[in-house]
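Below is one structure; the comments refer to it alone.
Numbering (our numbering), first residue to last: 2 to 180.
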């Protein structure tokens with residue numbers, strides 16, 4: 002397939018639109034599901050060991066820089082800034098995720114369906130859970146049912162299902178404690 006790297010048991014399923022193939026690096030057991038669009042130009046897309054990407058990924062390594070006083074896209078002035086996209090080991094990326102230029106997903110992260118990632122993520126943070134908790138906390142506040150007992154019940158339920166750090170730490174990082 003002329004990829005920059007295609008490790009042991011790593012693959013992508015067609016139909017997948019690929020950009021600059023030599024800048025796509027799939028390490029061992031890395032997998033990209035079908036209907037993905039990889040706009041890989043000058044930057045690299047690196048998906049490390051045991052990382053799985055569900056269908057419909059969009060990865061874009063370039064971003065246009067607008068400059069005041071210059072015509073955007075003028076001949077000889079592409080204004081394109083290229084940054085690598087790095088997906089560390091043991092990551093699960095849900096359906097329809099968009100990874101933008103400079104995205105760096107930490108080891109063990111789970112990225113929920115439809116998420117747009119444009120920056121670095123702390124390893125093992127569950128982004129869809131943070132979004133869900135923000136919505137739940139807002140709902141509870143609006144209904145005036147928010148109290149510490151319900152917070153600890155959510156903590157107990159989530160921590161029994163998976164071995165995550167306590168949900169209260171995630172709530173603090175997401176700023177929900179200030180709502």
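We put the CB at the ideal spot given by N, CA and C, even for glycine.
Next item on the list: Look at the alpha carbon of residue 94 and the alpha carbon of residue 82, and state the distance between them as a whole number of angstroms.
Entry: Sequence index remark: in the chain shown, residue 94 carries index 93 (1-based). Sequence index remark: in the chain shown, residue 82 carries index 81 (1-based). Cα-Cα distance, rounded: 25 Å.
Item checked: Rounded C-alpha distance that separates residue 111 from residue 92 -> The sequence position of residue 111 within the chain shown is 110, counting from 1. The sequence position of residue 92 within the chain shown is 91, counting from 1. Their backbone Cα atoms lie some 6 Å apart in a straight line.
Margin query: Let's test the definition: count the other Cβ atoms within 10 Å of the Cβ of residue 115 and tell me whether it reaches 16, buried, or not, exposed.
Written below: Here residue 115 is taken as the residue at index 114 of the chain shown, counted from 1. Answer is exposed; the Cβ neighbour count stays below 16.
Checklist line | Outcome for residue 117 when other beta-carbon atoms lying within 10 angstroms are tallied against a minimum of 16 | finding: Indexing the chain shown from 1 puts residue 117 at position 116. It counts as exposed.
Notebook entry, point to check: Could you give the distance in angstroms between the alpha-carbon of residue 26 and the alpha-carbon of residue 36?
Noted result: Stepping through the chain shown from its first residue, residue 26 is reached at position 25. Stepping through the chain shown from its first residue, residue 36 is reached at position 35. Rounded to whole angstroms, residue 26 to residue 36 spans 18 Å at the Cα level.
Item checked: Continuous beta strand (DSSP E) stretch holding residue 60: start and end -> The residue given as residue 60 occupies position 59 in the chain shown. Taken as a continuous stretch (DSSP letters only), the beta strand (DSSP E) holding residue 60 covers 59-61.
Checklist line | Rounded separation between residue 43 and residue 20 - CA only | finding: Working through the chain shown from its first residue, we reach residue 43 at position 42. Working through the chain shown from its first residue, we reach residue 20 at position 19. Cα to Cα, the separation comes out at about 10 Å.
Checklist line | Same chain, Cβ closer than 8 Å to residue 120, five either side skipped, listed in chain order | finding: Taking the chain shown and counting its residues from 1, one reaches residue 120 at position 119. Once the five neighbours on either side are set aside, the close Cβ partners of residue 120 are 103, 104 and 105.
Notebook entry, point to check: CB-CB under 6 Å to residue 85, same chain, minus the five flanking residues each way: which ones, in chain order?
Noted result: Residue mapping note: residue 85 aligns to position 84 of the chain shown, counting from 1. Only 44 and 45 meet the Cβ criterion.
Margin query: Using the three-state DSSP reduction, which class does residue 1 fall into: helix, strand or coil?
Written below: Residue 1 lies beyond the range of the chain shown here (2 to 180); nothing can be said about it.
Margin query: What residue range does the beta strand (DSSP E) around residue 46 cover?
Written below: Here the question's residue 46 lines up with position 45 in the chain shown. Its beta strand (DSSP E) spans residues 46-48.
Check: Just to confirm, are residue 97 and residue 57 a CB contact at a threshold of 8 Å?
Finding: On the chain shown, position 96 is the one that residue 97 refers to. On the chain shown, position 56 is the one that residue 57 refers to. In this structure, residue 57 lies closer than 8 Å to residue 97 by Cβ.
Note to self: Spatial neighbours of residue 8 within its chain, please: C-beta separation below 8 Å, excluding the five flanking residues on both sides.
What the structure shows: Residue 8 sits at position 7 when you count from the first residue of the chain shown. So the list reads 27, 28, 29, 30, 31 and 50, once near-sequence residues are dropped.
Checklist line | residue 166 in three-state terms, based on DSSP | finding: In the chain shown, counting from the first residue as 1, residue 166 sits at position 165. Low confidence applies to residue 166: its pLDDT is 48, below 50, so where it sits in the model is not reliable enough to give any reading.
Check: Shortest alpha-carbon distance to residue 59 belongs to which of 65, 66, 53 and 40?
Finding: The residue given as residue 59 occupies position 58 in the chain shown. It is 40.
Next item on the list: Keeping to the same chain, check which residues put their C-beta closer than 8 Å to that of residue 5; ignore five residues upstream and five downstream.
Entry: The residue labelled residue 5 in the question sits at position 4 within the chain shown. Result list for residue 5: 22, 23, 24, 25, 26 and 45, in chain order.
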